[in-house]
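The sequence shown begins at 59 in my numbering and counts up one residue at a time.
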Amino acid sequence: MSAILIIEQVLNGLQFGVMLFLMAAGLTLIFGVMGLINLAHGSLYMIGAFAAAAVAGATGSFLLALAAAMAAAAAAGALVELTVIRRLYAADHLDQVLATFALILIFSEGTRWIFGSFPLYLDVPAALSGPVTLPGGIDYPRYRLALIGAGLAVAVGLWALTQHTRIGIRIRAGENDREMIAALGVDIGRLYTLVFALGAALAGLAGALVGAIQSVQVGMGEPVLILAFVVIVIGGIGSIKGAFIGALLVGLTDTLGGIFLPEFFKLFMEPGAATQTGASLASMAIYILMGLVLIWRPTGLFGARA
């Protein structure tokens, strides 16, 4: 196995990880502040991807497509929070799961009704198409490097927002004691709507960015949502830093596991059996990682100790 292949797969893992972070960051904000299990978060990812594909097809502008994706997902998130989610804060988690699962079905069928059942395609912008030569003579897609940079920029911006702004102070206070900040005069309803819209916008941005390297189709958000839940369990519920570290761990584990595990089993198995065994274990690697983390730290890497 060449060093170039390993470096390329590490970069692929980083790109996958930062995209997962965009999903997991919004999810962990919503759960940390509101205590809400939102299964419909993947639908907001899908809405962002479809909005981006539609706007890019109409205008030819990728930047407008990204703005449309964030705006559409944020608007859908705010509308859902005001009309449905607000009635679930006092409910138990089973009611939240059932209600947000119903939202998945509504969003999926609504999207199919508007856009049809066939996939849409979002082209990579011309400025980011083609490969770029990295040190060591490695040719790597320029767009995937841009995705890594965009994800890191969002991570820094989100950290600055939560740590160094007034709204960030309110968000962190809402995670710790929502009754107290409500008693101090903070409009908790408006704060919840803002947090939900922010989380939805991040999911929509992720959907638009990934939509340029895969087809945009109904149901595309649910597999990513499962991985996002794995990320926040590993990183610790309510922790942005945990979501970032957990996303990178999941991205690298998923990508590198598919490369190294089959090669490892070839040392003492037939090539065909080694490939099958390695591929099977690679598909379970992130869940094994989650189990090991929870054995060591039941609240996640950066979750509050019980």
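Backbone N, C-alpha and C define an ideal beta-carbon position, used for all residues, glycine too.
Label residue i either buried or exposed according to how many other C-beta atoms from any shown protein chain fall within 10 Å of its C-beta, with 16 as the threshold for buried.
| i | result |
| --- | --- |
| His99 | buried |
| Ser297 | buried |
| Phe323 | buried |
| Tyr179 | exposed |
| Arg228 | buried |
| Phe287 | buried |
| Val214 | exposed |
| Met238 | exposed |
| Tyr345 | exposed |
| Glu328 | exposed |
| Gln154 | buried |
| Leu146 | buried |
| Glu139 | buried |
| Phe326 | exposed |
| Gly207 | exposed |
| Gly361 | buried |
| Leu85 | buried |
| Gly194 | exposed |
| Asp150 | exposed |
| Ile225 | exposed |
| Ala364 | Caution applies to Ala364, whose pLDDT of 46 falls short of 50 and renders its modelled position unreliable; the value that the coordinates give is listed next. Result: exposed. |
| Ala148 | exposed |
| Ala130 | buried |
| Ala185 | exposed |
| Ala160 | exposed |
Ends of the alpha helix (DSSP H) at residue i?
| i | result |
| --- | --- |
| Ile271 | No alpha helix (DSSP H) holds Ile271; DSSP gives it neither H nor E. |
Is the Cβ-Cβ distance between residue i and residue j less than 8 Å?
| i | j | result |
| --- | --- | --- |
| Gly301 | Ile284 | Note that residue 301 is Ala in the sequence shown, not Gly. It is not a contact, given that the beta carbons lie outside the stated cut-off. |
| Ile95 | Thr158 | yes |
| Ile172 | Ala134 | no |
| Ala266 | Ala123 | yes |
| Ile196 | Ile65 | yes |
| Gly257 | Gly358 | no |
| Leu347 | Leu307 | yes |
| Leu72 | Gly309 | yes |
| Ala332 | Pro320 | yes |
| Ala259 | Ala132 | yes |
| Ala107 | Val244 | no |
| Gly232 | Leu219 | no |
| Ala116 | Asp181 | no |
| Gly75 | Ala340 | no |
| Pro177 | Phe120 | no |
| Gly168 | Met77 | no |
| Ala136 | Thr251 | yes |
| Leu69 | Arg170 | no |
| Tyr103 | Val282 | yes |
| Arg200 | Val190 | yes |
| Thr311 | Ala343 | yes |
| Ala255 | Ile246 | no |
If residue i and residue j are in contact, beta carbons under 8 Å, what's the gap, nearest whole angstrom?
| i | j | result |
| --- | --- | --- |
| Gly262 | Ala109 | 7 Å |
| Val253 | Ile88 | 6 Å |
| Gly90 | Ile353 | About 23 Å separates the two Cβ atoms, so there is no contact after all. |
| Tyr198 | Leu192 | 6 Å |
| Phe165 | Ser60 | Their Cβ separation, rounded to whole angstroms, is 44 Å, which puts Phe165 and Ser60 out of contact at 8 Å. |
| Ala127 | Leu216 | Contact doesn't hold; Cβ gap of about 17 Å is too wide. |
| Met367 | Ala264 | The shown model of the chain, from 59 to 364, leaves out residue 367, and the question about it has no answer. |
| Gln67 | Ile317 | 5 Å |
What residue range does the beta strand (DSSP E) around residue i cover?
| i | result |
| --- | --- |
| Tyr179 | Taken as a continuous stretch (DSSP letters only), Tyr179 belongs to no beta strand (DSSP E), as it is neither H nor E. |
| Ile196 | Ile196 to Pro199 |
| Leu192 | Pro189 to Leu192 |
Kindly indicate if chain D contains any beta-carbon less than 8 Å away from that of residue i.
| i | result |
| --- | --- |
| His151 | Note that chain D does not occur in the displayed structure, where there is just one protein chain. |
Shorter than 7 Å, the distance from the beta carbon of residue i to the closest heavy atom of the ligand MN, or not?
| i | result |
| --- | --- |
| Gly118 | Looking at this structure, you won't find the ligand MN or any other ligand, since it has none at all. |
TODO: Let me know the alpha helix (DSSP H) ranges lying completely inside the segment 87-160, each 4 residues or longer, listed in chain order.
DONE: The segment 87-160 contains, as complete alpha helix (DSSP H) runs of 4+ residues, the segments 99-117 and 120-141 (chain order).
TODO: Give, in chain order, every unbroken run of the alpha helix (DSSP H) that is at least 4 residues long and sits entirely within the segment 271-341.
DONE: 279-293 and 298-323
TODO: Starting from the N-terminal side, write out each stretch of the alpha helix (DSSP H) that is 4 residues or longer and does not extend beyond the segment 210-255.
DONE: If you keep only unbroken alpha helix (DSSP H) runs of at least 4 residues inside the segment 210-255, you get 224-234 and 236-241.
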